[in-house]
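For the sequence shown, the positions run 1 to 403 when full-length UniProt numbering is used. First up is the structure itself, then whatever we jot down about it.
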Amino acid sequence: MFKQLLLLSALIPGVGIALQIYWNRHLTLPVMIFRSLLNTIIARNKYLGRLQEMTVQEKKRLNYTESVPMMGSVMRPIWKDLDLEAKSLNSLVAFAGQSQLKLDKYGLRKSMEHQALYPPILAGRNCESIEEIESLRKSIFVQMKDFNLDKSKEPKVLFYIHGGGGYGGLAAGLQARAVVEFLNDARYTHSIKYMLSVNYRLLGLDENEKKMRDVYAANFEDQLEDCYNAYQWLLNERQFKPQNIVIMGDSFGPALVMNLLAKIGATAQGQLPHAVAMVSGYFDLSGKTLGENYDEENTILVSKNNVELIQGLYVTEKPSFSPINFDSTVISSFSQTKLLVVYSNHEEGTADNVKMVQTLKNGKHPHMQVIAENGHIHGYPLFFYYSPQLRKTMEKIMEFLDQ
Numbered sequence: 001m002f003k004q005l006l007l008l009s010a011l012i013p014g015v016g017i018a019l020q021i022y023w024n025r026h027l028t029l030p031v032m033i034f035r036s037l038l039n040t041i042i043a044r045n046k047y048l049g050r051l052q053e054m055t056v057q058e059k060k061r062l063n064y065t066e067s068v069p070m071m072g073s074v075m076r077p078i079w080k081d082l083d084l085e086a087k088s089l090n091s092l093v094a095f096a097g098q099s100q101l102k103l104d105k106y107g108l109r110k111s112m113e114h115q116a117l118y119p120p121i122l123a124g125r126n127c128e129s130i131e132e133i134e135s136l137r138k139s140i141f142v143q144m145k146d147f148n149l150d151k152s153k154e155p156k157v158l159f160y161i162h163g164g165g166g167y168g169g170l171a172a173g174l175q176a177r178a179v180v181e182f183l184n185d186a187r188y189t190h191s192i193k194y195m196l197s198v199n200y201r202l203l204g205l206d207e208n209e210k211k212m213r214d215v216y217a218a219n220f221e222d223q224l225e226d227c228y229n230a231y232q233w234l235l236n237e238r239q240f241k242p243q244n245i246v247i248m249g250d251s252f253g254p255a256l257v258m259n260l261l262a263k264i265g266a267t268a269q270g271q272l273p274h275a276v277a278m279v280s281g282y283f284d285l286s287g288k289t290l291g292e293n294y295d296e297e298n299t300i301l302v303s304k305n306n307v308e309l310i311q312g313l314y315v316t317e318k319p320s321f322s323p324i325n326f327d328s329t330v331i332s333s334f335s336q337t338k339l340l341v342v343y344s345n346h347e348e349g350t351a352d353n354v355k356m357v358q359t360l361k362n363g364k365h366p367h368m369q370v371i372a373e374n375g376h377i378h379g380y381p382l383f384f385y386y387s388p389q390l391r392k393t394m395e396k397i398m399e400f401l402d403q
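Below, the structure is given as structure tokens:
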């Protein structure tokens, strides 16, 4: 008993000190819990060898149910080339994703608001200043700390369009948090001093929501208008030069990014941004490409009911809004902007990205690069903090934007 009390008395101050360090870093309790949980799972899989390989069909045949104590212990064969950290993260995401199957469309939207991977931007962990721009529906404008700023270049601004299927996601959500975390890492030097994360209207999920035009979008054009207005704000209100603007988007974001480029290219090519990076993009608004290429083995982050919902959201939109349908005239209108397409060969939207790359090739875009890697989940570079392998991809993206 005495030894146990002695151990406890030594442990409590240690835990207290660790918690204090975390709080001082503005990580918040949810982030602390998630990072501790994932590190525990990685350690278990590394030292106890608990990571077992199993396909979705094998799990069904064996009637295998992953228990809470063993969550994060089942890997799919397509992850074989990933590092242990990425395998463990994928497994944990797959385990947690099972709960999405019980949600309706409103619950799925709400689930995208729960962000535990990175500390909130508004906590000020990595920012010199933060503004909510009222005229842009409270879009988030961030000035980074400049301790790692490359002062030999003119400062750039990163224009971010978040994903979320068009009906979910936050301007200050996972994506923006991840970017801010990365850009303020002392290991990197870059010229991206600012970020504007666009709070575009989410698509209404029913007719009542679609009538609330001040809150929700009635169609894709409403969302594109919000992004265009935000881009013009950078040019006119903050006086950024187009050559110092770079754009990044993930998931649904690239559909808006490509249409934004087409809109600018058709009216004012001198306003085109310097470079654009698109991560795990959704490029066919009809949903046909997503539905026809559905593969349960690659369905990790985006649950089946979420895929089915996304398929039906924009079916009445004009085909010309789907970037995979852009012709050479449209593509040539933004040929001066450098493009980077990033996706996994084993994610829900792989086929969308393959088609988009081919469309850009057919249109002879002169400045396109592609990063296509095996085994990763949807939006994988944004999880860079949790895997050395994922970090390398995020480094490539930021190097591309900073060139």
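We treat Cβ as the ideally placed atom computed from N, Cα and C, and that holds for glycine.
Taking the beta carbon of P69 as the centre, do at least 16 other beta carbons fall within 10 Å, making it buried, or is it exposed?
exposed
Do M349 and G281 have their CB atoms nearer than 8 angstroms?
Before going further, note that residue 349 is Gly rather than Met in the sequence given. Closer than 8 angstroms, so yes.
Taking the alpha carbon of D284 as the reference point, which residue from V357, V246 and C227 has its own alpha carbon closest?
V357
For chain C, find out if any of its Cβ atoms is closer than 8 angstroms to the Cβ of I140; answer yes or no.
Checking the listed chains, one finds no chain C in this structure; it contains a single protein chain.
Length-filtered (4 minimum) alpha helix (DSSP H) runs lying within the region 279 to 331
288 to 292 and 304 to 313
Could you tell me which residues DSSP pairs with I245 in its beta bridges?
V157
Uninterrupted alpha helix (DSSP H) stretches inside the region 63 to 151 (no shorter than 4 residues):
84 to 97 and 105 to 111
Whole-angstrom distance between V56 and P77, CA atom to CA atom:
10 angstroms
Contact set for K338: own chain, Cβ-Cβ below 6 angstroms, skip 5 residues either direction
A275 and H367
Looking only at its chain, what residues have a beta carbon closer than 8 angstroms to the beta carbon of N305, apart from the 5 residues adjacent to it on each side?
Q100, L101, L103 and L108
CA-to-CA distance, Q175 to E113, given in whole angstroms
12 angstroms
Residue burial classification, W23 (beta-carbon count within 10 angstroms, cutoff 16)
Caution is warranted here: a pLDDT of 46 is assigned to W23, below 50, making its placement in the model unreliable, and the coordinate value is therefore given only provisionally. Under this definition W23 is an exposed residue.
Determine the DSSP secondary structure at K263, reduced to helix, strand or coil.
helix
Distance cut-off 7 angstroms: F220 Cβ against heavy atoms of the ligand PLP
The ligand PLP is not part of the structure shown, which contains no ligands of any sort.
On the DSSP bridge list, what partners appear for A217?
L203
Buried or exposed: which applies to F141, given that a residue is buried once 16 or more other Cβ atoms fall within 10 Å of its Cβ?
buried
Cβ contact check for the region 185 to 192 and the region 150 to 161: 3 or more pairs under 8 angstroms:
yes
Distance, S286 Cα to I133 Cα:
32 angstroms
Run of the alpha helix (DSSP H) containing Y194, from where it starts to where it stops
Counting along the chain, Y194 falls outside any alpha helix (DSSP H), though it belongs to the beta strand (DSSP E) covering I192 to S197.
Hey, L401 and M248 are a contact pair by Cβ (cut 8 angstroms); roughly how many whole angstroms apart?
7 angstroms
Just to check my reading of the structure: P388 and E85 have Cβ atoms closer than 8 angstroms, yes? What is that Cβ distance to the nearest angstrom?
7 angstroms
Just verifying my parser: in three-state terms, what is the DSSP assignment at L256?
helix
Buried or exposed, going by whether 16 or more other CB atoms sit within 10 Å of the CB of F220?
buried
For T299, count neighbouring C-beta atoms within 10 Å of its own C-beta (all shown protein chains included) and say buried if the count is 16 or more, exposed if not.
buried
Start and end of the alpha helix (DSSP H) containing Y47?
T28 to Y47
Element boundaries [beta strand (DSSP E), containing Q369]
M368 to E373
With DSSP collapsed to three states, give me the class of K396.
helix
Alpha carbons only, please: which of E296, P30, D295 and P381 is nearest the one belonging to P120?
P30
When you compare each of A255, K288, K241 and L290 to Q269 by their alpha carbons, which one comes out closest?
K241
Would you say L272 and Q336 are within 8 angstroms of each other, going by their C-beta atoms?
yes
Can you name, in chain order, every residue of its own chain whose Cβ lies under 7 angstroms from the Cβ of V370, other than the five neighbours on each side?
V341 and V357
Please confirm if the region 312 to 324 is in contact with the region 371 to 380, defined as three or more CB-CB distances below 8 angstroms between the two stretches.
no
Three-state secondary structure assigned by DSSP to Q403
coil
Whole angstroms is fine: what's the gap from N184's alpha carbon to N126's?
6 angstroms
Going by DSSP in three states, K338 sits in which element: helix, strand or coil?
strand
Out of K60, K80 and R44, which has the shortest C-alpha to C-alpha gap to E53?
K80
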